[in-house]
Every structure is written in C-alpha cells, then in structure tokens.
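Sequence order for the protein chains is A and B. Numbering-wise, the first sequence is residues 2 to 65 according to this note's numbering. Numbering-wise, the second sequence is residues 968 to 1137 according to this note's numbering. Glycine is no exception: its CB is placed at the ideal position from the N, C-alpha and C atoms.
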Amino acid sequence: MKTVQTEVPEALYNKAVALVNEGWFRDEKDVFSEAIRRFLETHQSELMQKFVRDDIEWGLRGND
Amino acid sequence: MIEDATDIVCDTGPIIHLDELGCLDLLADFKEILLTVSVVEEIEKHRPVALRVKLPFRVLRAHHPADERLTTMCRIFALDRGETESLLIMESHPDAIFLTDDASARMVAERMGFRVHGTIGVIIRAIRRGRKSPEEVLSIIGSIPSRSTLFIKSALLKEVTVQIKKEFNI
C-alpha cells in the first residue's frame, strides 16, 4: 500500500466522515480509496480514446 | 444528408472549453442550447463571459426522473449536480444531443441510450457544417493544450490531427 498525503476541501472530508459515522465504511481512508477506484474505472485510457474516436467519426460523418 | 440542427443539452465543460478556444459560436447552428440552472451557476463562477455570447441558450429546471436507473447511475458514478441535472433534461428531450467532456457523465449517457459527444466532436463538426475550413479546425485542435483547460493526451490529439489531414488530403 502507498501512503498519499493530500489536501481535500473540508466539506468533502466531512461528507466522507459522515459516511464512516453512518457505518458504510470502516474509515475515511476506505472512502477515498473507493472514490479513487471508481474514478479510475471510468477514466481508463481505452475508454477516453473511444470517446475521442467517436467524436471524430461524428464530427466528420454525422448527420446533424 | 445533413438533418436540420437539433437541440443540445450542454454540460459546463464544453461551454468553457469552446469559449477558451474562441469558438463558442460553433454552437450557434444548434436549434437550442439547453442548460440547467446548476450548469449556468458553474459557468457564471468559472467563465461568466461565455454566457454573454449571443447564442440560443435556454435555461431549464431539471424534473423528477421518470427512470430511477438514471439517478441511481448518476450516484454510482458520482456525477456532480450539473451533470446529473443535464442528464435529467436529456430524459425529457431524448432527441437532443448531450455535450459533455466528463468521461463518467458520458458513460452514463451512453448507458441510458442518449446521443453524447464532446468538445472535440463539435470542433470537427464545424468542417462538415461549413463553418470552418479543415485548416482552421487543425489550428484550433493544435491550440487546445496551450489555450484551454480541456486535457487530452498529446498522442490522442495527434491522432485527431492525422485523421483530419487524411480525410481532407492535407
């Protein structure tokens, strides 16, 4: 495991703490790890490439 | 055959990115540019000058979702208020095109069966619509890293450039 030190807006941190207090996560670290995992899932390189290639196709050959 | 221009529902990103690139006017040949209240608030916060451009903007309030899958997916993919409300507007305007540069919002839109594109598509479309020459579009694409906050890796931008040059024998 890597340790990362970063700053987050207080409101964001408070929301993470609230999720922990409500019993959805063991601690804040789990909240942030899960958030990063989900972000990385939707920002995979292949996916971003597909979106740009779809845009090229629409831009060149779309009908609207 | 080119159909009559359609409506677009626009997220914050493309408005800001197109304005940074000096080509927000490329949205002028869409019938209406539907914006949610929260998207307008975001633009006013980050690039208020963009809203002063004379374009067929219309501000709409998001309705309650007809399909609960949409709000569930917006939550799962952690979409922000602007993206979520824009997708709710898409639900009531299914023939419109959703413009976003956010990968998560685009993924949700695709899963909901909406037509979705981004800033790059709008810029390239300008050639097809006769609003820019291929050379002008190449110049705009080339200026993305220095003039806009839209981040696309350089290899992919190069691919866009190569495709346009190939298409128009430049």
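Through-space distance from residue j to residue i, alpha-carbon basis
i               : j               : result
F1024 (chain B) : K1132 (chain B) : 33 Å
F997 (chain B)  : N22 (chain A)   : 48 Å
I1000 (chain B) : D1069 (chain B) : 18 Å
V1083 (chain B) : T979 (chain B)  : 14 Å
N1136 (chain B) : L994 (chain B)  : 26 Å
M1079 (chain B) : L1018 (chain B) : 29 Å
Q6 (chain A)    : L1105 (chain B) : 40 Å
S1059 (chain B) : K3 (chain A)    : 45 Å
E47 (chain A)   : F40 (chain A)   : 14 Å
R38 (chain A)   : G1097 (chain B) : 42 Å
R908 (chain B)  : S1115 (chain B) : Within the shown structure, residues of chain B are numbered from 968 to 1137, placing residue 908 (chain B) beyond reach of any answer.
H1031 (chain B) : S1053 (chain B) : 12 Å
R1028 (chain B) : I1056 (chain B) : 8 Å
P1015 (chain B) : I1087 (chain B) : 22 Å
S1071 (chain B) : E1050 (chain B) : 9 Å
Neighbour list for residue i in chain A, Cβ cutoff strictly below 8 Å
i               : result
S1071 (chain B) : F40, T43, H44
A1045 (chain B) : A36, R39, F40
S1074 (chain B) : This sequence places Met at residue 1074 (chain B); Ser is not what is there. Near M1074 (chain B) (Cβ distances below 8 Å), the residues of chain A are T43, L48.
R1095 (chain B) : G60, L61, R62, G63
I1064 (chain B) : D65
E1134 (chain B) : L61
Contacts of residue i in chain B (Cβ-Cβ under 9 Å)
i             : result
M49 (chain A) : A1070, I1119, K1120, L1123
Cut-off 8 Å between Cβ atoms - residues of its own chain near residue i, not counting five sequence neighbours on either side
i               : result
V1020 (chain B) : D986, L991, D992
D1062 (chain B) : T973, D974
T1128 (chain B) : L1105, I1108, G1109
Closer than 9 Å at the beta carbon, the chain A residues around residue i
i               : result
A972 (chain B)  : D65
H1084 (chain B) : F52, D55, D56, W59, G60, G63
E1011 (chain B) : By Cβ distance, chain A contributes nothing, its closest Cβ being about 20 Å from E1011 (chain B), past 9 Å.
Contact set between residue i and chain B, taken where Cβ atoms lie within less than 7 Å
i             : result
V53 (chain A) : I1087, I1119, L1123, V1127
L1 (chain A)  : Absent from the structure is residue 1 (chain A), since the part of chain A shown begins at 2 and ends at 65.
Cβ-heavy atom distance, residue i to the ligand HEM, below 7 Å
i               : result
L1022 (chain B) : Looking for the ligand HEM in the displayed structure turns up nothing, as the structure carries no ligands at all.
Spatial neighbours of residue i in its chain, beta-carbon cut-off 6 Å, leaving aside the 5 residues before and after
i              : result
I982 (chain B) : I1010, A1017
Proximity test, Cβ basis, 8 Å: residue i and chain D
i               : result
H1031 (chain B) : You won't find chain D in this structure, because its protein chains are A and B.
request  = May I have a chain-ordered list of the alpha helix (DSSP H) segments no shorter than 4 residues that lie completely inside the region 3–29 of chain A?
outcome  = Counting only runs of 4 or more, we get 11–22.
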